[in-house]
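Note that the protein sequences, when read in sequence, are chains A and B. Under the working numbering, the first residue of the first sequence is numbered 27, with each subsequent residue one higher. Under the working numbering, the first residue of the second sequence is numbered -15, with each subsequent residue one higher. Every residue gets a Cβ at the ideal spot worked out from N, C-alpha and C, and that includes glycine. Here the structure is a predicted model, which means the values were calculated and not measured. Notes follow once the structure below has been shown.
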Amino acid sequence: MHTFILERPRDLAAALAFHAQAGRNDAPAEYIAGGTDMVQLLQEHVRRPERLVSLAGLLDGHIEAGPQGLRLGAAATMADVAVHPAVVEQFPVISEALLNSASPQVRNQATMGGNLLQRTRCPYFRDVGYAACNKRSPGSGCSAIDGENRWHAVVGTSDDCIAANPSDLAVALVALEAGVELRGAGGQRFVPLIDFHRLPGNTPHIESVLEPGEVIAAITVPASSTARRSHYLKVRDRASFEFAVVSAAVALDMDGGRIRAARVALGGVGTKPWRVPKVEAALAGGSLDPAVLRRAAALAAEGAQGRGHNDFKIELMQRAIVRAIETAGARA
Amino acid sequence: MAKLHISTTINGEPIEFLCDPPQTMLEVLRDQLGLTGSKEGCGSGDCGACSITVDGRLVCSCLMLAAEAEGHRLETIEGMARGDQLHPLQKKFVELAALQCGICTPGFLVASKALLDRNPNPTETEVRYWLAGNLCRCTGYDKIIRAVMEVAADMRETAR
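Written out as structure tokens, the structure is:
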């Protein structure tokens, strides 16, 4: 690791005053919470901040469930949220996404806020031996577009970056129309999670709407008619401790055998957590008949662009949607 | 640059150490405190050979900055035996030869203890799932899983 100054502020206000910023490689100061991703990035010299500001003990870690829905303090760990009774019963897609992420050790350390801000697994981003990475070094080019891009995104991409967002949790949360409470020196604001991550465009080094001196304080998940019958399907190269090749988060409101309303989001295929409203609209009012589901799922492929090694994801994500809906639909 | 002064508790003993900001907990345990039972396999949280508990929670010490130990209670493999008296998991690993080269063993023992502390009656599937953060390239896992299952059964018997 490069040398950095570690700040251990007494309270959140002092931490915000350092104006650190998550998810930008050109930020001179960055926050650290659970550290499971940050320490790796520091070890690999992907991040070389001058200053690291520790949020240990400064953020809310409570999990609250009520008639309005769920509120997850940013410091709540993946492990605690995954087994919280209200999450398991009322928002199973969140629990499943978390229990299919990482390992017991990492889930004990990693936080909600940090999970949403973890950096891409693009091997070119993670290996400083490759000079060209627009996300790591703005303007340096993209090694993945003509490289080994089996793991990369097929939607939301640009000519500058095709790195996939790696979070399972974020996919489940986007399907449930979650939001994030941000806290900064200037006060508090609320951002729907779907608007929190930025598309790469020609600035792939800026990953979220966070301003300097702003942190995620909490995640809110509204109560809904669909959350209880929800499911997270993760397709990956091995059965545990692996990121998604493709994943689908679905939530259904059923009226007998008919879908009253559906929420569908995809992981492993997007440069950000990817909700598919057209698929949702096509599913509404329909049955669980496989042919019907298949037709709706096909709409997810609209605008998708493979880059060679990842072409298979376009077909696989449609199948994942169908399978996930069948599983969720079969739930009581 | 000035070192950071950290006060913590390791295996029940109050410990103070000085560290640089980039040092991980694993580095301090091994290189400064002489607690070399925790191993560095991958250094990136994949293999679990560096597993310790912090306030009773199983974590990878390679993914933890040493400075973050301030005020917390750490347990390492060195705290598992009571003097010469091995923990039942350690005895069973020896008895069933649930190890070959041994590099992963401290991590597996710490992780297995953390598992049994919270779930004294795990199914085989649960044992395999909750040990998924620990890699072993020698045993093929079967002996490790069997050892944990047998210890769980023995401990339930003793508790009865």
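Query, Result
"Contact between the segment -4 to 5 of chain B and the segment 47 to 64 of chain B (3+ Cβ pairs under 8 angstroms)", "yes"
"Cα-Cα separation, G40 of chain B to S256 of chain A", "32 angstroms"
"Under 8 angstroms between C-beta atoms of G117 of chain B and S129 of chain A", "yes"
"Contacts of G67 of chain B in chain A (Cβ-Cβ under 9 angstroms)", "Ordered by position in chain A, no residue passes the 9 angstroms Cβ test against G67 of chain B, which lies about 28 angstroms from the chain."
"Closest residue to V78 of chain B among B:E24, B:E134, B:I(-10) (Cα-Cα distance)", "B:E134"
"Helix, strand or coil at V43 of chain B according to DSSP, with G and I counted as helix", "strand"
"Touching by the beta-carbon criterion (3+ pairs, under 8 angstroms), the segment 291 to 301 of chain A and the segment 272 to 281 of chain A", "yes"
"Distance CB(G173 of chain A)-CB(A59 of chain A) smaller than 8 angstroms", "no"
"Selection from A:L314, A:A82, A:P299 that minimises the alpha carbon distance to A243 of chain A", "A:A82"
"Buried or exposed by the 16-neighbour rule on C-beta atoms within 10 Å, applied to R121 of chain B", "exposed"
"contact_flag[the segment 54 to 68 of chain A, the segment 220 to 235 of chain A] where n(CB pairs < 8 angstroms) is 3 or more", "no"
"Below-8 angstroms beta-carbon distance, R41 of chain B vs any chain A residue", "yes"
"6 angstroms CB neighbourhood of M64 of chain A in its chain, flanking five on each side removed", "I58"
"CB of L309 of chain A within 8 angstroms of CB of I285 of chain A, strictly", "yes"
"Nearest neighbour of H178 of chain A, chosen from A:G355, A:A330, A:R209 [CA to CA]", "A:A330"
"Residues of the segment 75 to 109 of chain A whose Cβ lies closer than 9 angstroms to any Cβ of chain B, in chain order", "L78, S80, A82, G83, T103, A105"
"Candidates A:L38, A:S80, A:A198, A:S313: closest to N126 of chain A by CA position", "A:A198"
"Stretch-stretch touch, CB-based, cutoff 8 angstroms, three pairs: the segment 126 to 143 of chain B with the segment 85 to 103 of chain B", "yes"
"Contact residues within the segment 121 to 153 of chain A, judged by C-beta distance below 7 angstroms to chain B", "S129, P130, Q131, V132, N134, Q135"
"Residues near I120 of chain A in its chain [Cβ-Cβ closer than 6 angstroms; skip 5 each side]", "V113, A198"
"Test item: CB-CB of V247 of chain A and L202 of chain A under 8 angstroms", "yes"
"Counted within 10 angstroms of its Cβ, other Cβ atoms place A350 of chain A as buried (16 or more) or exposed", "buried"
"Cβ-based neighbour list, M27 of chain A, same chain, cut-off 7 angstroms, excluding 5 preceding and 5 following", "L68, Q69"
"Given C46 of chain B as reference, the closest of A:A101, A:T62, A:E76 once Cα atoms are compared", "A:T62"
"Proximity of G49 of chain A and E207 of chain A at Cβ, strictly below 8 angstroms", "no"
"Cutoff 8 angstroms: S266 of chain A Cβ touching any chain B Cβ", "yes"
"Distance, G283 of chain A Cα to G311 of chain A Cα", "10 angstroms"
"Nearest-angstrom Cα separation, counted from P(-2) of chain B out to H56 of chain B", "10 angstroms"
"Reduced DSSP category for W177 of chain A - H, G, I as helix; E, B as strand; rest coil", "coil"
"Within chain A, partners of A51 of chain B - CB distance below 8 angstroms", "L32, R34, S80"
"Residue(s) in a DSSP beta bridge with K260 of chain A", "A:S273"
"Pick from A:G227, A:R147, A:G99 that is closest to P192 of chain A, judged by C-alpha positions", "A:R147"
"Given R133 of chain A as reference, the closest of A:D194, A:E240, A:P303 once Cα atoms are compared", "A:D194"
"Residue range of the beta strand (DSSP E) that includes R77 of chain A", "77 to 80"
"Pair within 8 angstroms by beta-carbon distance, C88 of chain B and L119 of chain B", "yes"
"G92 of chain A classed as buried or exposed, judged by whether at least 16 other C-beta atoms fall within 10 angstroms", "exposed"
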